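Undergrad: Residue numbering for the sequence shown follows the numbering used here, beginning at 38 and increasing consecutively.
Glycine included, every Cβ here is placed at the ideal spot set by N, Cα and C.
Owing to the predicted nature of the structure, the values given are computational and were not obtained by experimental measurement.
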Amino acid sequence: MCIIKARTYDELIKRGIETTSAKEREELYYAQEALLAEDMPIAPIYQYVKTRLLNPRVGGYAVNNAEDKLYSKDMYIIAE
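(1) Using C-beta distances below 6 Å, list every residue in its chain close to Thr56, excluding the 5 sequence neighbours before and after it, in chain order.
(2) Please state the DSSP three-state secondary structure of Tyr85.
(3) Identify the continuous alpha helix (DSSP H) that holds Leu65 and give its terminal residues.
(4) Apart from the five residues just before and just after Leu49, which ones in its own chain have a Cβ nearer than 6 Å to its Cβ?
(5) Under 8 Å: do the region 71 to 78 and the region 91 to 109 share three or more Cβ pairs, one atom per stretch?
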């Protein structure tokens, strides 16, 4: 990555950290990704996947849990 692009990338990072708008932050992060992809294309060769079999009677299961932390205190059995 040339110096000019590195400075541009650093500026985008700084603006992304400082902004309070979620939409603007998202746009800045997409711009960062695009800048990186120009000089350093990557190909993900492995993706972490966990498969879970969950009974439909279980409630409180966090579906969108990025860290995959599951706590039984948050789950419950749905009465029939």
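TA: The short version:
(1) Arg62
(2) If DSSP states are grouped into helix, strand and coil, Tyr85 belongs with coil.
(3) Ala59 to Asp76
(4) Leu65, Ala68 and Gln69
(5) no
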